[in-house]
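As structure tokens, the structure follows; a few thoughts come after it.
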Amino acid sequence: MKFLQKNQIQKKHKSIRKKIKGNSDRPRLYVFRSNQHIYAQIINDENNSIITSSSTLDPMVRNQNFSCSTCKAAEIVGKVLADKCKTKNINKVVFDRGGRPYHGRIKALADSARENGLIF
1 MKFLQKNQIQ
11 KKHKSIRKKI
21 KGNSDRPRLY
31 VFRSNQHIYA
41 QIINDENNSI
51 ITSSSTLDPM
61 VRNQNFSCST
71 CKAAEIVGKV
81 LADKCKTKNI
91 NKVVFDRGGR
101 PYHGRIKALA
111 DSARENGLIF
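When the count follows full-length UniProt numbering, it moves up by one through the sequence shown with no breaks and lands on 120 for the last residue.
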């Protein structure tokens with residue numbers, strides 16, 4: 001069952017990536033969620049380079065007194081990522097949810113990034 005679910009997520013992500021491209025004007029915000037952590041990266045697909053990233057493994061997020069697998073942790077990752085984007089003059093991004101449904105931790109990260117200045 002786990003293999004089938006992972007395979008479905010990979011198929012969905014592949015079909016999404018055919019439609020979504022990040023460029024220098026509007027890079028791609030990619031979100032990866034594991035059972036314990038959440039990772040977010042700002043990617044320029046033209047250069048195949050990561051502009052900036054944030055995750056629950058960052059010291060600014062990790063030093064908080066809560067579990068890294070909660071919506072609260074995802075909100076803080078979104079806030080930290082939006083602050084890093086502001087310093088690099090990035091305002092507009094394309095959101096890539098990585099084949100996962102838009103709810104829970106992924107929604108919390110996206111909403112927090114929007115509240116802190118990123119435009120999707």
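Beta carbons: idealized from backbone N, C-alpha and C, even for Gly.
Considering just the uninterrupted stretch of the beta strand (DSSP E) at residue i, what are its terminal residues?
| i | result |
| --- | --- |
| residue 94 | 94-96 |
Helix, strand or coil, according to DSSP, for residue i in the structure here?
| i | result |
| --- | --- |
| residue 55 | strand |
| residue 68 | coil |
Thinking C-alpha only, which one of the options is nearest residue i?
| i | options | result |
| --- | --- | --- |
| residue 44 | 54, 26 and 55 | 26 |
| residue 96 | 67, 59, 51 and 28 | 28 |
| residue 52 | 67, 65 and 93 | 93 |
| residue 149 | 67, 69, 66 and 60 | Residue 149 lies beyond the stretch modelled for the chain, which goes from 1 to 120, so this question has no answer here. |
| residue 23 | 57, 62 and 49 | 49 |
| residue 54 | 8, 120, 117 and 113 | 113 |
Open item on the list: Quick test of the definition: if touching needs 3 or more C-beta pairs under 8 Å, does the stretch 69-88 touch the stretch 13-22?
Closed with: no
Task: Contact between the stretch 34-54 and the stretch 68-79 (3+ Cβ pairs under 8 Å) - done: yes
- [ ] Evaluate the contact criterion for the stretch 91-106 versus the stretch 26-35: three or more CB pairs, one atom per stretch, below 8 Å.
- [x] yes
Task: alpha helix (DSSP H) runs wholly inside the stretch 76-120, at least 4 long, in chain order - done: 105-115
TODO: Report the residue ranges of all beta strand (DSSP E) runs contained in full by the stretch 9-65; include only those spanning at least 3 residues, in chain order.
DONE: 28-33, 38-44 and 49-55
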